[in-house]
Amino acid sequence: MTTARIPYPSHPYQSSASLAAMLIQNGLSGISQHDLAQKIDLAGYYRLKGYWYPFLTKDQTNIGKRKLPFQPGTAWNTIEERYTFDQELRNIVFDGIVTIEVFLKSNISSELAKANGPLGYIQATDLPNLSLKEYQKALNCFLRDFERSSLPHLEHFKRTYSDALPPVWMLVDSMTYGEFKISLYKGADSSIKEHLAAKLGIVTGKVSHGNERLLGDWMETLRVARNMAAHHERLWNSKSKKLQPAIPRSNPNNPVWWGNDWDPFRTTKGPAAFLTMEYYLLKQLGVAQWRTNFVNLMNRYPNIPLNQMGFPANWQSLPIWQ
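Going left to right, the sequence shown walks through residues -17 to 304 as my numbering numbers them.
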């Protein structure tokens, strides 16, 4: 049943100084009105609200909601610590995603070239998992992105050669991750995607048989997290279902089955399952530094509530995190 929509309530403009005064009058301590106004100018009231919202008083007339005043003892340094932690977390998440994205683009473009030749994406038959409509849309996207690109090697190609499109290994550089995912990756033959999944340790019950479906789900979760990081969305305690990756099935009858290691994250809420997925992929690629950077971040902020991220207290010692 769809809830009836209502007009957005009127919120008269307030200056940063007046907003800061209101927050302090409602119990926020540990910062002057002047300094708080500067913080609001720097980050925005609405963005910062997501970090102080858990410290507001529960609204007894609107279950699940909170409102001013702040809970007793709420200090600005606790809120700012979570804001800064989230900034650093997004940077680490994005750094890992970039590594995975480059690998995915490189692998798919290489396999398409191997199977169909350097321009092995131009014909509809090169991308058999796209409908004709999807293929036409993808081809238009290829042409548009190539034409718009100002990358030096693509500019050189346009000046030097008469071809309408470049080899696939050049083309991927001009594409966003989202465009790549719904065109070249989706359209590639299933055998290519299964081979890629196996490379990343995403396997079915059959030995070394890649799980194409699970890889596709994880690629979408990566897209969501990539956008959250790039657009500075609050990540550290996000409960968005779109950020929750599909978890491989467990198999109690097979103690060495890779899916069993995911049991601690089957019902958790928060970014922990995604972060575990990101680490798993990077581990398959031999990128050890990412875990070190992430663990160091967590250790620098011991006051961040692990349960709000979806991590158990012993997460660093779990087999999946080794």
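The beta carbon of each residue, even a glycine, is placed where N, CA and C say it ideally should be. Source: prediction; values computed, not measured.
Note down the Cα distance separating A106 from H213, rounded to an integer number of angstroms. When rounded, the distance between both Cα atoms is 34 Å.
In its own chain, which residues sit with a C-beta less than 6 Å from the C-beta of G183, not counting the 5 before and 5 after it? Answer for G183: Q266, listed in chain order.
Residues in its own chain within less than 8 Å of C123 by CB, not counting five upstream and five downstream? Answer for C123: M157, E161 and S165, listed in chain order.
Return the first residue and the last residue of the beta strand (DSSP E) that P134 is part of. Per DSSP, P134 lies in no beta strand (DSSP E); the unbroken alpha helix (DSSP H) holding it starts and ends at P134 to T142.
Write down every uninterrupted run of the alpha helix (DSSP H) in the region -3 to 51 whose length is 4 residues or greater and which is fully enclosed by it, in chain order. Those alpha helix (DSSP H) runs which fall completely within the region -3 to 51 and span 4+ residues are -2 to 7, 15 to 25 and 27 to 34.
One or two residues paired with A295 in a DSSP bridge: Answer is none; A295 lacks a bridge partner.
Mark I22 as exposed unless 16 or more other C-beta atoms lie within 10 angstroms of its C-beta, in which case mark it buried. Flag for I22 reads buried.
Between the Cα of V84 and those of S0, L153 and I286, spot the shortest distance and give me the residue it belongs to. When each option's Cα is compared against that of V84, the closest is L153.
Across which residues does DSSP place V185 in a beta bridge pair? Note: V185 sits in a beta bridge opposite G192.
Please say whether Q226 and A255 have beta carbons closer to each other than 8 Å? Yes. Within cutoff.
Take every Cβ of the region 272 to 283, pair it with every Cβ of the region 71 to 80, and state whether three or more of those distances are shorter than 8 Å. By the Cβ rule, the region 272 to 283 counts as touching the region 71 to 80, because three or more pairs are nearer than 8 Å.
For I104, verify whether its CB is less than 7 Å away from any heavy atom of the ligand GDP. In the structure on display, the ligand GDP does not appear, and there are no ligands present to speak of.
Okay, do the region 94 to 102 and the region 222 to 238 touch, 3+ Cβ pairs below 8 Å being the bar? With the cut-off at 8 Å, the region 94 to 102 and the region 222 to 238 do not touch.
Write down the C-beta distance between R64 and W218 rounded to the nearest angstrom, noting that I regard them as a contact closer than 8 Å. Yes, they are in contact, since the Cβ atoms of R64 and W218 sit about 7 Å apart, within 8 Å.
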